[in-house]
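In what follows, a single structure is set out as structure tokens and then discussed.
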Amino acid sequence: MDGKIVGLPAGYRDFIFSDAESRRRIENEFASVFSSRGFREVIPSAVEYLDLYARGNQGVRERAMRFLDRDDNLLALRADFTPAVARIVSAHFREMPPPIRVWYSGPVFRKTDRHRGQYQEFSQIGAELIGGDPPAADGEVLDVALQCLSRSGFPDACVHVNHAGIFRGLVNSLGLKQSDLSEVRSAIDRKDMRALGVRLEELGVNGSVRAQVNTLSHTVGDSRALAAAASSIDNQESREAIASLESLALRLPRWRDRITFDLTEIDEMEYYTGVMFTFLSPAHSVEVGRGGRYDSLMREFGVDLPAVGFSFSMDRLGECE
Amino acid sequence: MKNRVLIALPKGRLYETGTELLGKAGIIIPPAADGSRKLVFPDAGGRYEFVPLKPIDIPVYVESGTIDAGIVGSDVLRELEADVYEPVDLGIGICRMVLAAPSGTALPRGGSLRVATKYPRTTERFFRGKQLHVHIVKLDGSVEIASLLGLADAIVDLVETGRTLRENGMHIVEDVARVSAKLIVNRTAMKMKSEDVRHLITQLDTVVYENPGQQN
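First to last, the sequence lines map onto chains A and B. In this text, residue positions in the first sequence follow this note's numbering: the first is 1, and each later residue adds one. In this text, residue positions in the second sequence follow this note's numbering: the first is 1001, and each later residue adds one.
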């Protein structure tokens, strides 16, 4: 028979019986946690205007699967949930008093590099809390995320938390111009600390600030590690950001053993404005999800509300089961 | 095995210098007994496990997390645009990636420069940065010959001394990149196997920067 009838295009797959069932089971556990915590489901359209992805994470726009409709509008298969949620809130919840709690689950599509063994369709499940202010809303969302993981068969799942303001404060104190800044960001992102040190020195950044960059790049641990980092940082914005991480952890005593402060990772896309989460499954040594606060994204859609959320890879969760 | 840090070693020109450097860092790789060796083997201390691979495959393994860390040339790393940490420039395997052309011929300006290379993405980025349009011919074998036989006007390739180029009647037009071997680390491994990965980084960093000039 013709391979194009019985085969699948590269980058796609089916989930059959037990694979499908384990995904369904995880989704049901998440759904019951979401509904018990007051989050309501949205199922965004699978097709959007490509321009929806012009805001926020630029990598998403580049990788979106695009096509033309009959009027030659440039459309895309859903490539990310968060912009769709922002669009929905902007269109339907403008008059509703915040906060708004939503969750979603479904496939997203992104072009991947050829022959890297990556799928072009993958499933995400996540939640967003829109219109809630930092300490309380961040704590609520992190609590919900960890509860979801715990209930769906990942009792040892843990989270690394960071805050975009820590690095932002330090970088603002460097006084670099934009082009140098992106070079510095990318060196930090690669963790090439020697090259970074040399480059910062060339750019005339003083020794004390270079030492602080170095400290951040090594800070991973409990509240003592965080306190040690705090004492070496001298700008106000970074200190406040570190303090807000401390207070976030204090709000969640039941998850104390699951929270690691990790200031090493930077948000190269500058998508997040506050806390950042990376969810990990130690038993499988994999990252299963991410999240954080992105207070400027909603404004791009004409709704001036802060937002915090998270998103898990259903594919990773399903494989770990 | 899943919990020991698994490190990819590049087969070929970087293997000897790479394992020597690891040895200086206190991570001793025992020589293969009578030439036969398992696909995956531990170091003498048993803290790490190693798997020799073709260099071009290493970034994909490390990016996916199948392998936690690896030693690989920056030529291969840039070509594959792998999303990994690069915490240590090992200072070994140093050479230049250059644009070269047959001596005595002028490169066509604008229009239709044809360039043969094993590094199509790097070459494309290089010319895009200069806002020049090129046609790239991707080859796997010797690229000098492509230029000499007329398949391409120029080549982008690695040179160590430039002797091979001269012997083939070619000259270096311009540097494309400095190449050296890097330690690369998977992003999740840095978090999940933090202690062993950091030990590896610190040891190698110390060896590289406290004994400058001993490599090569």
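All residues carry an ideal CB built from backbone N, CA and C; glycine is no exception.
*asked:* Under 7 Å, CB to CB, which of the residues in the segment 1075 to 1090 of chain B have a partner in chain A?
replied: Among the residues of the segment 1075 to 1090 of chain B, those with a Cβ less than 7 Å away from any Cβ of chain A are 1085, 1086, 1087 and 1089, in the order of the chain.
*Assign residue 291 of chain A to buried or exposed, taking buried as 16 or more other Cβ atoms, counted over all protein chains shown, within 10 Å of its Cβ.*
Position 291 of the first sequence, counted from the start, is the residue given in the question as residue 291 of chain A. Only buried fits residue 291 of chain A, as 16 or more other CB atoms lie within 10 angstroms of its CB.
*Whole angstroms is fine: what's the gap from residue 238 of chain A's alpha carbon to residue 83 of chain A's?*
Taking the first sequence and counting its residues from 1, the one referred to as residue 238 of chain A is at position 238. Taking the first sequence and counting its residues from 1, the one referred to as residue 83 of chain A is at position 83. Residue 238 of chain A and residue 83 of chain A: Cα-Cα distance of roughly 28 Å.
_Identified DSSP bridge partners for residue 76 of chain A_ = Here residue 76 of chain A corresponds to residue number 76 of the first sequence, with the count starting at 1. Under DSSP, residue 76 of chain A forms a beta bridge with A:48 and A:66.
*Can you find a C-beta in chain B that's less than 7 Å from the C-beta of residue 114 of chain A?*
As a working mapping, residue 114 of chain A is identified with position 114 in the first sequence. Output row for residue 114 of chain A: interface = no.
_Complete alpha helix (DSSP H) runs within the segment 1035 to 1082 of chain B (minimum length 4 residues, chain order)_ = For the segment 1035 to 1082 of chain B, whole alpha helix (DSSP H) runs of length 4 or above, ordered along the chain, are 1058 to 1064 and 1074 to 1080.
*Cβ atoms of residue 42 of chain A and residue 102 of chain A: under 7 Å apart, would you say?*
Here residue 102 of chain A corresponds to residue number 102 of the first sequence, with the count starting at 1. Here residue 42 of chain A corresponds to residue number 42 of the first sequence, with the count starting at 1. Yes, Cβ-Cβ distance for residue 102 of chain A and residue 42 of chain A is below 7 Å.
_Three or more C-beta pairs under 8 Å: does that hold for the segment 1180 to 1188 of chain B against the segment 1065 to 1077 of chain B?_
Per the Cβ contact rule, the segment 1180 to 1188 of chain B is in contact with the segment 1065 to 1077 of chain B (3 or more Cβ pairs under 8 Å).
*Since residue 32 of chain A sits in a beta bridge, which residues does DSSP pair it with?*
To locate residue 32 of chain A, count along the first sequence from 1; it is residue 32. In DSSP, residue 32 of chain A forms no bridge with anything.
*What does residue 1065 of chain B reach in chain A if we use C-beta pairs closer than 8 Å?*
Sequence index remark: in the second sequence, residue 1065 of chain B carries index 65 (1-based). What residue 1065 of chain B touches in chain A, judged by beta-carbon distance under 8 Å, is 285 and 286, going in chain order.
*asked:* If contact is defined by three or more beta carbon pairs under 8 Å, each pair taking one atom from either stretch, is the segment 226 to 233 of chain A in contact with the segment 157 to 164 of chain A?
replied: No contact exists between the segment 157 to 164 of chain A and the segment 226 to 233 of chain A.
*Look up residue 255 of chain A in the DSSP assignment and give the residues it is bridged to.*
Here residue 255 of chain A corresponds to residue number 255 of the first sequence, with the count starting at 1. Beta-bridge partners assigned by DSSP to residue 255 of chain A: none are found.
*What number of angstroms, rounded off, separates the C-alpha of residue 221 of chain A from the C-alpha of residue 170 of chain A?*
Here residue 221 of chain A is taken as the residue at index 221 of the first sequence, counted from 1. Here residue 170 of chain A is taken as the residue at index 170 of the first sequence, counted from 1. So the alpha carbons of these two residues sit roughly 20 Å apart.
*List the residues of chain A whose Cβ lies closer than 7 Å to the Cβ of residue 1192 of chain B, in chain order.*
Position 192 of the second sequence holds residue 1192 of chain B. Neighbours of residue 1192 of chain B on chain A, chain order: 280, 282 and 285.
*Evaluate contact between the segment 209 to 224 of chain A and the segment 248 to 263 of chain A, counting only Cβ atoms and requiring at least three cross-stretch pairs below 8 Å.*
Yes, the segment 209 to 224 of chain A is in contact with the segment 248 to 263 of chain A.
*How far does the beta strand (DSSP E) with residue 295 of chain A in it reach, from first residue to last?*
For the purposes of this step, residue 295 of chain A is taken as residue 295 along the first sequence, with counting starting at 1. That residue, residue 295 of chain A, is in no beta strand (DSSP E); it is neither H nor E in DSSP.
*Below 8 Å between beta carbons is the criterion; list the residues of the segment 216 to 241 of chain A that meet it against any residue of chain B, in chain order.*
Hits within the stretch, in order: 220.
*Determine, using beta carbons only, whether residue 1156 of chain B and residue 1209 of chain B come nearer to each other than 7 Å.*
The count along the second sequence starts at 1 and reaches residue 1156 of chain B at position 156. The count along the second sequence starts at 1 and reaches residue 1209 of chain B at position 209. Result no, Cβ atoms of residue 1156 of chain B and residue 1209 of chain B do not sit closer than 7 Å.
*Could you pull out every unbroken beta strand (DSSP E) segment of at least 3 residues lying fully inside the segment 1094 to 1137 of chain B, listed in chain order?*
Inside the segment 1094 to 1137 of chain B, DSSP marks whole beta strand (DSSP E) runs of 3 or more residues at positions 1095 to 1102 and 1113 to 1117, from first to last along the chain.
*asked:* Among the candidates B:1113, B:1117 and B:1003, whose CA atom is the shortest distance from the CA of residue 1140 of chain B?
replied: For the purposes of this step, residue 1140 of chain B is taken as residue 140 along the second sequence, with counting starting at 1. Between residue 1140 of chain B and the set B:1113, B:1117 and B:1003, the nearest pair of CA atoms involves B:1117.
_chain B contacts from the segment 69 to 99 of chain A (Cβ-Cβ distance under 8 Å)_ = Of all residues in the segment 69 to 99 of chain A, none is placed with a Cβ closer than 8 Å to any Cβ belonging to chain B.
*Report the three-state DSSP secondary structure of residue 124 of chain A (helix, strand or coil).*
Taking the first sequence and counting its residues from 1, one reaches residue 124 of chain A at position 124. Reduced to three states, the DSSP call for residue 124 of chain A is strand.
*Out of A:49, A:18 and A:78, point me to the one whose CA is closest to residue 120 of chain A's CA.*
Counted from its first residue, the first sequence places residue 120 of chain A at position 120. Nearest neighbour of residue 120 of chain A by Cα position, chosen from A:49, A:18 and A:78, turns out to be A:78.
*CB residue 1004 of chain B to CB residue 1063 of chain B, shorter than 7 Å?*
Looking up residue 1004 of chain B in the second sequence gives position 4. Looking up residue 1063 of chain B in the second sequence gives position 63. Taking the C-beta atoms as reference points, residue 1063 of chain B is found no nearer than 7 Å to residue 1004 of chain B.
*Any Cβ of chain A within less than 7 Å of the Cβ of residue 1161 of chain B?*
Reading the second sequence from its first residue, position 161 is the one you call residue 1161 of chain B. Chain A, which has no Cβ nearer than 7 Å to the Cβ of residue 1161 of chain B, makes this no.
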